[in-house]
Structures are given as C-alpha cells and as structure tokens.
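So for the sequence shown, this note's numbering puts the first residue at 1; every next one is plus one. As structure tokens, the structure follows; a few thoughts come after it.
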Amino acid sequence: MKTSLKDCPSVHQVLLEVKQDIYVHEDYIKFIINSELSKIRDTIKKGKLSKTKDELVKYIVSQVWLRSAPNLVNIINGTGIVLHTGFGRAPFHGKQLKNLANRLDGYVNLEFDLESGNRGDRQSLIHDRLSAMCGSESALLVNNNAAAVFLALNEMAINGDVICSRGQMVEIGGSFRIPDIIEKSGAKIKEVGATNRTHLKDYENAISKKTKLILWVHTSNYIVKGFTKEVSLSDLVLLGQKYKIPVMADLGSGAFLDMQKLGLADEIPVKSIVNVGPDITTFSGDKLLGGPQSGLIVGSKKWINAFKKNPLYRVLRSDKITIGLLEETLRSYHSGSFSKDNLSLKMLTTSRKTLSARGQKILNHLDKKVIRELGIDLKNSEVEAGSGSLPEDKIESVALTFSPKNYKVKDIAKAFRCGSIPVVGYIQKNTFYIDLKAVLPNQVTRLASAIQEI
C-alpha cells in the first residue's frame, strides 16, 4: 500500500514523540522536522513510499536525534595526507588537549599581568618563546597566514607599490592569490621578471618613488624546473638596504626543523630565513609546525609594534584557545628535535616498517571471512604531506586495499564514511584504499572494528 499525503504526521505530532530530555533548541527541532517532512512529501508524490503514519513518526524522530547531535566529529583519516585541509590540517595529541583544557577551565590570564595586577597583552603569552625560536626581534600571532600577509601589506605598503616576481604569484587553496591579497590590502602590485626567470636588475629597474615594499614569496606548494632563475632573498635584502625599502618574506608553510634530517623533503627553516635579514617573515602555524590554524609574523620590533596598532589587528587577532594550542605546540620543540606530543611531525616521520606492523595488527584482528569478502590486502604506498607542504617528494607509506568481488567500491567507501566510526579513504583504479600514514596509533583497534562492522 502506497503512502499518501494524508499519512504525513504534523509537526506537533512528531514533537510529542521527541523525548523531552533531548537538550536542543525547539526551533531547531522544528526545522529538522519540517525539512524531513518536505523530503517525505516529495517521495510520496513520486509514488516511492510505503510507510504508515506511525513508521513515519518514528523515522522523523530518529532523524531529529541524528541531526541534532554534534556535527564536528572525530574521524579516521585513511587518505594518507597528514596535513589534510578538509580534516583540520595538523592533528592534535589528546594529551595536549587535556593539558590545555585544564588550564582553560574557567578564567585565564589572557590579557592580565599577574605580577603587576594591570591589564596585559595576549601576545606576551607566546611572544618571547616564538621570537627566541625564530631568532627574531619580535613576533606576532594572528588567525592564519593569509591574515598575517594581509596585515603586513596593509601596514607596510598601503597606497604604494609592492614589487614581486611573476614567478612568485602563487595561489594556495581556497583561491588565495598573492596579487589579489596585495590589491585588497590597499597596495599596488608591480610584477617583475618572467614566470620562469627573474633577475636582480628587474627588481632594481622597477623601484620608484612609489615603491614601499619588496616581497619575496616562497613557492612552497609547487616546483618550477628547467630554464629558471630567481633572485635570492639575501640579494633582495641588500637591494632593500641600498634603497631603504623594507623587504618581506612570505614562507607560507613554515618549519622550525631541518626536514631533510627527518627524512622528508627539503624545506627552508624559519630561522634560516630570519637570519638572512628580511624586515618581516610570515608563515603558517598549522602546517609543518603542527599547531592550530594561525599566522605567525616575526621580524623587526618596529614593524611588529606598528602592526599591533593597525585597526586590522583587532579584526585578525587570535583567541585564547588558539594561543593556548600554539603555546603547547611550541613547547613540543627542542633544539633540533621534537617531542611525541607534536603529532604532525611524529606521523610524517613514521617509518614504512612501523606502518606495516600496524597494518598486520589490523589484519590479525579481522575475521578471515571478512578479509576474503572485502578482498583486503596490505600494500606499500606513497603519499603527500598535504596543505601545499613539501610538494617535491612523495613520502613512503603503507595502505590497506579493498577489492571486493560482490560489492561496488564506491558503496564500500560510503559505508566507511557513514559508519559509527567514520573512516575516509580514497578510490584508485577500482580499489578502495585506507592509507595508514595519517591513522593515529590509538586508532588502530578502532579501524579494525570499523572494517569488521562493514
């Protein structure tokens, strides 16, 4: 028997069935009910529904519970991309979060100097540590690197020219482009050189009375090879000193350590850039550093103080949670090394041998019937760091592969995403992959359970 529109329950009837102990705003509950009723009516009109009114009420109530649950949930990242933008980039260690939660319980000294009893500066909570680690005079934290670049450009070059090489007109995720951000900051871009070759004379010939800044951008998310030439940052610093024009370096994805010594692709450490002598250096705190979404500005005390007085700083400054997480991240670094609390670096440097052992542990937890039916195997793989970081080299990894005979691969992928333990992998050549590079060590048993559930 087909369901008719007369069988649709009213909003009031569903509300009566929703348990009273559900702590959700009633207006949101009504919104969910109405949206579900709308979908049900559309299905009824197509003649594709056969449910009684009671069954419809029960279904809508279940959807109320499901859709009113927290939307931000923990997932297992099986893509192999450690710094996955869609998953929040740098993962956090549970221990770090617990330590921070204890310190954030109630009130904190965000802008209060406990020694003097007077109002303080939130930047003082991380300023000295960050400056010392980068070898800079001063430092500033804002909410992301785009904000850091924008604030610096607005203060240093508003109504003036910014000289930048055409080979450094980069675009990052979310359509963030250097030319666009320069224009919106109130400055005017003066492009020099060609896409693949720029010379020092190109910069020098472009200098005029309108020039306020020379911008050097590290092309951290792509590589140009072949007939190429670019001007070194050190040469630009000397050029800036000659004409008394400030020089700014945008690193994009910053690193505190020598990545090659960690077995990863080469990446210029922040301190090495600062030592060259640009007035200002900007970089992200949530990529290779392993911290929260943030933008870090280090360099001249004169310019950092000017940034703090700029009205835009109030718009772009970070809150107590970001500051707390960044402090925890900075505390995870030592001279030339990092602690296990820096989960991003720990996972990026986990060996293929260790990942193979974890993969075998997962297989040992599974029923042989499940392994046969889903066609599960353990194979070597290669992944990228993610978020435009370390683009030059692939990173060795290991993946669980699924080649089921009786199921469509896309259905397997969706089943994993929508399971009680959400797992996101990827499909390649009709095979589903769960790469283990970005699977946290404490998620191994949960991943085995998720596979068994499928």
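Each residue gets a CB set at the ideal place from its N, CA and C atoms; glycine is no exception. On a predicted model such as this, the values are computed, not experimentally measured, just so you know.
ask   = For S420, does the three-state DSSP call read helix, strand or coil?
value = On the sequence shown, position 420 is the one that residue 420 refers to. The answer is coil: DSSP assigns S420 none of H, G, I, E or B.
request  = Measure the C-alpha to C-alpha separation of K288 and G193 and round it to an integer number of angstroms.
outcome  = Counted from its first residue, the sequence shown places residue 288 at position 288. Counted from its first residue, the sequence shown places residue 193 at position 193. The sequence shown places Leu at residue 288, not Lys. Going from the Cα of L288 to the Cα of G193 covers about 30 Å.
request  = Would you check if the distance between the CB atom of L153 and the CB atom of G186 is smaller than 9 Å?
outcome  = Stepping through the sequence shown from its first residue, residue 153 is reached at position 153. Stepping through the sequence shown from its first residue, residue 186 is reached at position 186. Yes. Within cutoff.
ask   = What span of residues does the alpha helix (DSSP H) with Y313 cover, start to end?
value = Counting from one through the sequence shown, the residue named residue 313 turns up at place 313. Looking at the DSSP string, the run of the alpha helix (DSSP H) that includes Y313 is P311 to L316.
query = In whole angstroms, what separates the C-alpha of I75 from that of T349?
reply = Stepping through the sequence shown from its first residue, residue 75 is reached at position 75. Stepping through the sequence shown from its first residue, residue 349 is reached at position 349. The alpha-carbon atoms of I75 and T349 are separated by roughly 21 Å.
key: Extent of the continuous beta strand (DSSP E) run through M248   = What you label residue 248 is simply residue 248 of the sequence shown in a count that begins at 1. Note, M248: beta strand (DSSP E), V247 to G252.
message = Let me confirm a value: N342 is counted as buried when at least 16 other C-beta atoms fall within 10 Å, else exposed. Which label applies?
response = Stepping through the sequence shown from its first residue, residue 342 is reached at position 342. Buried.
inquiry  = Using CA atoms only, rank isn't needed, just tell me which of L5, R446, V398 and V409 is closest to T79.
reply    = For this step, residue 79 is matched to residue 79 along the sequence shown. The option with the nearest alpha carbon to T79 is V398.
request  = May I ask which residues mark the beginning and end of the beta strand (DSSP E) holding S38?
outcome  = Position 38 of the sequence shown holds residue 38. S38 -> not in any beta strand (DSSP E); alpha helix (DSSP H) instead, spanning E26 to K45.
message = Please report the straight-line C-alpha distance between A448 and P404, rounded to a whole angstrom.
response = Along the sequence shown, one-based indexing puts residue 448 at 448. Along the sequence shown, one-based indexing puts residue 404 at 404. One C-alpha to the other measures close to 17 Å.
request  = Less than 8 Å between the CB atoms is what I'm expecting for Y313 and L151, so what's the real figure, rounded?
outcome  = The residue labelled residue 313 in the question sits at position 313 within the sequence shown. The residue labelled residue 151 in the question sits at position 151 within the sequence shown. Yes, they are in contact, since the Cβ atoms of Y313 and L151 sit about 6 Å apart, within 8 Å.
task = Identify whether G285 lies in helix, strand or coil by the three-state DSSP scheme.
result = Locating residue 285 in the sequence shown gives position 285, counting from the first residue. Coil at G285, not helix or strand.
request  = Please list the segments of the beta strand (DSSP E) lying wholly inside the region 318-371, counting only runs of 3 or more residues, in order along the chain.
outcome  = none
key: Spatially closest choice to T322 from S294, T354 and K437, by CA coordinates   = Numbered from 1 along the sequence shown, position 322 holds the residue referred to as residue 322. Comparing Cα-Cα distances from T322 to each of S294, T354 and K437, the minimum goes to S294.
query = Less than 9 Å separating the beta-carbons of T281 and C418?
reply = Translated into the one-based positions of the sequence shown, residue 281 becomes position 281. Translated into the one-based positions of the sequence shown, residue 418 becomes position 418. Contact flag unset, no.
key: Rounded C-alpha distance that separates E36 from I60   = Residue 36 sits at position 36 when you count from the first residue of the sequence shown. Residue 60 sits at position 60 when you count from the first residue of the sequence shown. If I take the Cα positions, the gap works out to 7 Å.
query = Roughly how many angstroms lie between the CA atoms of L251 and K271, to the nearest whole one?
reply = If you number the sequence shown from 1, residue 251 lands on position 251. If you number the sequence shown from 1, residue 271 lands on position 271. Taking the straight line joining both Cα atoms gives about 11 Å.
request  = Please report how far the alpha carbon of T52 lies from the alpha carbon of S10, in whole angstroms.
outcome  = Counted from its first residue, the sequence shown places residue 52 at position 52. Counted from its first residue, the sequence shown places residue 10 at position 10. Their Cα atoms are separated by approximately 14 Å.
query = If you check the beta carbons only, do I454 and L400 fall under 9 Å apart?
reply = The sequence position of residue 454 within the sequence shown is 454, counting from 1. The sequence position of residue 400 within the sequence shown is 400, counting from 1. No.
task = Spell out the partners DSSP gives K190 in its beta bridges.
result = Your numbering for residue 190 matches position 190 in the sequence shown. For K190, which the question treats as bridged, DSSP gives the partners I163.
request  = Report yes or no: do the region 368-377 and the region 322-340 share at least 3 C-beta pairs separated by less than 8 Å?
outcome  = no
ask   = Does DSSP classify Y243 as helix, strand or coil?
value = Mapped onto the sequence shown, residue 243 falls at position 243. Looking at Y243 - three-state DSSP - the assignment turns out to be helix.
task = Figure out for me which residue from S131, N430, L141 and K45 has the closest Cα to the Cα of G285.
result = Residue 285 sits at position 285 when you count from the first residue of the sequence shown. Nearest of S131, N430, L141 and K45 to G285, Cα basis: L141.
ask   = Roughly how many whole angstroms lie between the Cα atoms of K353 and H365?
value = For this step, residue 353 is matched to residue 353 along the sequence shown. For this step, residue 365 is matched to residue 365 along the sequence shown. Using only the alpha carbons, I get a separation of about 19 Å.
query = How big is the Cα-Cα spacing for G386 and S356?
reply = Residue 386 sits at position 386 when you count from the first residue of the sequence shown. Residue 356 sits at position 356 when you count from the first residue of the sequence shown. If you take the alpha carbons of G386 and S356, they lie about 21 Å apart.
query = Where do the ends of the alpha helix (DSSP H) carrying S272 lie?
reply = Taking the sequence shown and counting its residues from 1, one reaches residue 272 at position 272. First-last of the alpha helix (DSSP H) with S272: V270 to V276.
ask   = Quick one: Cα of C164 to Cα of K308, how far?
value = Here residue 164 refers to the residue found at position 164 of the sequence shown. Here residue 308 refers to the residue found at position 308 of the sequence shown. Approximately 25 Å, taken between the alpha carbons.
task = Kindly give me the distance between the Cβ atoms of I297 and A148, rounded to whole angstroms, as I take these residues to be in contact under 8 Å.
result = As a working mapping, residue 297 is identified with position 297 in the sequence shown. As a working mapping, residue 148 is identified with position 148 in the sequence shown. Yes, they are in contact, since the Cβ atoms of I297 and A148 sit about 5 Å apart, within 8 Å.
task = For G120, collect the residues of the same chain with a Cβ closer than 6 Å to its Cβ; drop the 5 residues on either side in sequence, then sort them by chain order.
result = The sequence position of residue 120 within the sequence shown is 120, counting from 1. These residues qualify, in order along the chain: E111, F112 and D113.
Simplified DSSP state of Y203, which is helix, strand or coil = Taking the sequence shown and counting its residues from 1, one reaches residue 203 at position 203. It is helical.
Exposure label - G106; buried when at least 16 CB within 10 Å = By one-based count along the sequence shown, residue 106 stands at place 106. So G106 counts as exposed.
query = Can you tell me where the beta strand (DSSP E) with G425 in it begins and where it stops?
reply = Looking up residue 425 in the sequence shown gives position 425. Looking at the DSSP string, G425 is not in any beta strand (DSSP E), and its letter there is neither H nor E.
task = Look at A415 and I427 and say whether their C-beta atoms are less than 9 Å apart.
result = By 1-based counting over the sequence shown, the position of residue 415 is 415. By 1-based counting over the sequence shown, the position of residue 427 is 427. No. Outside cutoff.
Inter-residue spacing [alpha-carbon to alpha-carbon] between I214 and D180 = Counting from one through the sequence shown, the residue named residue 214 turns up at place 214. Counting from one through the sequence shown, the residue named residue 180 turns up at place 180. Looking at the two C-alpha atoms, the distance is approximately 16 Å.
ask   = With a Cβ-Cβ cutoff of 9 Å, do G254 and P246 count as a contact?
value = By one-based count along the sequence shown, residue 254 stands at place 254. By one-based count along the sequence shown, residue 246 stands at place 246. Against a cut-off of 9 Å, the Cβ pair of P246 and G254 comes out as no contact.
ask   = Looking at the unbroken beta strand (DSSP E) that takes in A399, where does it start and where does it end?
value = For the purposes of this step, residue 399 is taken as residue 399 along the sequence shown, with counting starting at 1. Where A399 is concerned, the enclosing beta strand (DSSP E) stretches over I395 to F402.
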